[in-house]
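Contents: one structure, followed by commentary.
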Amino acid sequence: MTRKERVKRAIAHQEADLVPWHFDLTTIVVRKLARHFGIQPEYWEVEEQIGGHLKPVGVRPAAGFQPIDRGDDCWQDEFGAVWKRGESTRDTGDWGGHIDHPLKTDSLDGYRFPDPYAAGRLDHIAEHVANNPDRFISFAVRGIFDFGWHLRGFENLMMDFAGNPRFVDELLDRCLEYNLALLEQLDVAATGIDGLHSGEDWGSQHGTLMGARTWRRFIKPRVREMYAAAHRKGLPVFIHTCGDIAELFPDLIEIGVTVVNPIQPEVMDVEWLKREYGRDIALYGGVGSQSVMPLGSPAEVIAQSRRRLEILGKGGGYIFGNAGAFPTETPLENLLALIDVAQNQERKHGN
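Residues in the sequence shown are numbered from 172 upward in steps of one, following the working numbering.
Dropping the structure here:
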């Protein structure tokens with residue numbers, strides 16, 4: 172059974188020969204594992220060594236666009252947001268930490284979104300899929316909430332929710348329109364893409380960041396529309412949102428989320444989520460990146476990992492993984508213990 176087939180069975184709530192797995196790696200952890208395996212410290216090489224089942228592909232800037240150097244290792248993207256590359260992102264090409272935003276007032280006057288139909292944005296996707304025939308490939312777009320605060324600033328947008336809802340509606344509608352335009356252009360048959368992935372963070376350690384009522388007012392109707400566009404193309408919807416979002420699970424099921432990641436065990440009862448909602452939504456993650464991975468022993472990592480596979484993997488509906496990126500200080504022994512559990516699961520059906 173291929174890795175792609177395992178993921179498809181998992182999200183269809185069917186068991187496979189193995190529970191599929193995938194781990195969120197930072198550059199520092201990639202280097203740590205690469206030294207151990209004796210391979211090049213490249214993200215995809217290390218991930219292939221581990222056997223990761225997923226390989227999302229994102230949107231590229233318009234052809235010919237170059238990030239604008241703002242000095243001090245800071246760069247401005249196509250939307251006018253400024254990012255600082257730190258040690259963990261410099262070698263990977265990731266944007267790094269968000270440090271400035273283009274919308275200084277609660278108005279879109281004078282601001283122009285980049286053209287979502289510009290040449291070059293999706294030209295690489297078919298090749299990416301063709302080069303990874305064994306992996307489940309999702310088309311990754313920026314989440315609507317993250318999109319909004321990257322343009323307006325996090326604190327500003329949170330205040331705008333209460334102080335200027337009309338502006339927030341206008342801003343988030345434009346963000347949605349941009350993503351819908353990308354989805355409109357995506358040729359599923361020609362590219363062979365398997366799913367949609369939308370990543371952002373709605374949760375804190377103690378509930379939804381903006382409160383469930385505000386989320387339902389501003390975020391839910393827009394992501395519902397985006398997920399519906401994906402479903403019309405036959406794509407299952409993967410979302411990433413850190414934090415305690417237990418109160419949103421009925422909403423996520425209602426609006427068509429297929430898979431939710433990373434289900435942090437430090438802030439949610441992941442086994443309760445499986446019992447309560449596991450028939451209707453697949454779970455991905457669940458191994459504590461704030462607890463057992465950096466702070467536990469290899470034996471504790473193994474015990475929690477085996478329990479996740481046993482409880483969450485029963486009947487399908489689960490992708491094994493860490494609940495958010497591994498902290499830099501995670502011991503190598505714990506990383507290897509987790510990988511060993513994934514790679515050496517008891518095989519089923521005689522395979």
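Quick reminder that beta carbons are idealized off the backbone N, C-alpha and C, glycines included.
Cβ-Cβ separation between G495 and Q185: approximately 27 angstroms, too far for a contact (criterion under 8 angstroms). Inclusion of N493 and F208 in the CB contact set at 8 angstroms is not warranted, their separation being larger than that value. The three-state reading of DSSP puts Y455 in strand, counting E and B together. As a beta-bridge residue in DSSP terms, W254 pairs with W246 and H269. For the pair W373 and I424, the CB atoms are not nearer than the 8 angstroms cut-off.
DSSP links R313 through a beta bridge to G370. In the DSSP assignment, Y489 is bridged to L454. I410: member of the beta strand (DSSP E) spanning V408 to H411, first to last residue.
Residue range L503 to Q514 is occupied by the alpha helix (DSSP H) that includes N505.
Note: G484 is not bridge-paired with any residue in the DSSP secondary-structure output. In this structure, the CA atom of R323 is about 11 angstroms from the CA atom of L343. Secondary structure of N432 (DSSP, three-state): strand.
In the structure shown, the three-state DSSP call for L293 is coil. For the 8 angstroms CB-CB criterion, I308 and V228 form a contact.
A distance below 7 angstroms between beta-carbons, with the five flanking residues on each side excluded, links M381 to the following residues of its chain, in chain order: M329 and F332.
Secondary structure at L225: strand, using DSSP grouped into helix, strand and coil.
For R180 and I473, the gap between their C-alpha atoms comes out near 24 angstroms. Between R202 and A187, the C-beta gap is not smaller than 8 angstroms, which leaves the two residues out of contact. A direct Cα-Cα distance of roughly 23 angstroms separates L506 from V431. F409 sits close to G366, with the two beta carbons spaced by under 8 angstroms. In the three-state scheme derived from DSSP, where H, G and I count as helix and E and B as strand, R306 is classed as coil. Residue environment for D317: buried (at least 16 other C-beta atoms within 10 angstroms of its C-beta). DSSP lists Q247 as the beta-bridge partner residues of I239. E500 and C245 have their C-alpha atoms roughly 26 angstroms apart.
Assigned with DSSP and collapsed to three states, S476 falls in helix. Exclusion of the five residues before and after R395 leaves I426 as the residues of its chain whose Cβ lies within less than 6 angstroms of its Cβ. Residue pairing by DSSP puts S375 in a beta bridge opposite G378. The Cβ-Cβ distance between N335 and K226 does not fall below 8 angstroms. In this structure, D286 and A233 form a Cβ contact; the two beta carbons are roughly 7 angstroms apart against a cut-off of 8 angstroms. When only Cα atoms are considered, F325 and Y448 end up about 31 angstroms apart. Residue environment analysis places T379 among the buried positions, since at least 16 neighbouring C-beta atoms fall within 10 angstroms of its C-beta. Relative to Q435, the option among I364, H368, R479 and P392 whose CA is nearest is R479.
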